[in-house]
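Peer 1: Below is one structure. I have some questions about it.
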């Protein structure tokens, strides 16, 4: 007889999404500002993501997949400074947890670039576009 494992559809903590590393019950992103530059030759985006964060948790945990994190800054209103961060081991379904020590600061800026294999980006060669002259990028934001 085969054994069966039961997987709960809803986590005991309703604020915990089983498909994310995020710690939304402690720190939650309320606004995102992107400043990115596409490099069609390298199939990469690079730039910054500035997040407004609500909540009292001193650590912000985000989902990351196919990213190279250059640096992370926090802004306390008097200027930006470096923040401690770590990128955890990759899980085939969840990606990697990006853990950022933010203290009580509500603004976090992440400087990063994507890898050519980043699953949220789809790069089209000019020959695959309507005009056949310019490349095109789809994102799954």
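In this note's numbering, the protein residues as written are 1 to 141.
Beta carbons: idealized from backbone N, C-alpha and C, even for Gly.
Just so you know, these numbers come straight off a predicted model, no measurement behind them.
#1: Should residue 32 go down as buried or exposed, given a rule of 16 or more other Cβ atoms within 10 Å for buried?
#2: I'd like the span of the beta strand (DSSP E) that includes residue 35, first residue to last.
#3: Tell me the DSSP bridge mates of residue 105?
#4: Indicate the three-state DSSP secondary structure (helix, strand or coil) for residue 127 in the structure shown.
#5: Given this structure, state the Cα-to-Cα distance separating residue 95 from residue 129, to the nearest angstrom.
#6: Here's a check: name, in chain order, each residue in its chain whose Cβ is nearer than 7 Å to the Cβ of residue 55, leaving out the five neighbours to either side.
#7: Label residue 100 either buried or exposed according to how many other C-beta atoms from any shown protein chain fall within 10 Å of its C-beta, with 16 as the threshold for buried.
#8: One question on the structure: do residue 113 and residue 63 come within less than 8 Å of each other, judged by their Cβ atoms?
#9: Can you tell me whether residue 93 is helix, strand or coil according to DSSP?
#10: Using 8 Å as the Cβ pair cut-off and three pairs as the minimum, do the stretch 116 to 127 and the stretch 77 to 86 touch?
#11: Using DSSP with H/G/I as helix, E/B as strand and the rest coil, what is residue 18?
#12: Quickly, what does DSSP pair residue 82 with across the bridge? List them, please.
#13: Using the C-alpha atoms, what's the distance from residue 103 back to residue 79?
#14: Would you report the Cα separation of residue 36 and residue 71, rounded to the nearest angstrom?
Peer 2: On the basis of the supplied data:
#1: exposed
#2: 28 to 39
#3: Residue 105 pairs with nothing; no bridge assigned.
#4: helix
#5: 30 Å
#6: 26, 27 and 28
#7: buried
#8: no
#9: coil
#10: no
#11: coil
#12: 73
#13: 15 Å
#14: 15 Å
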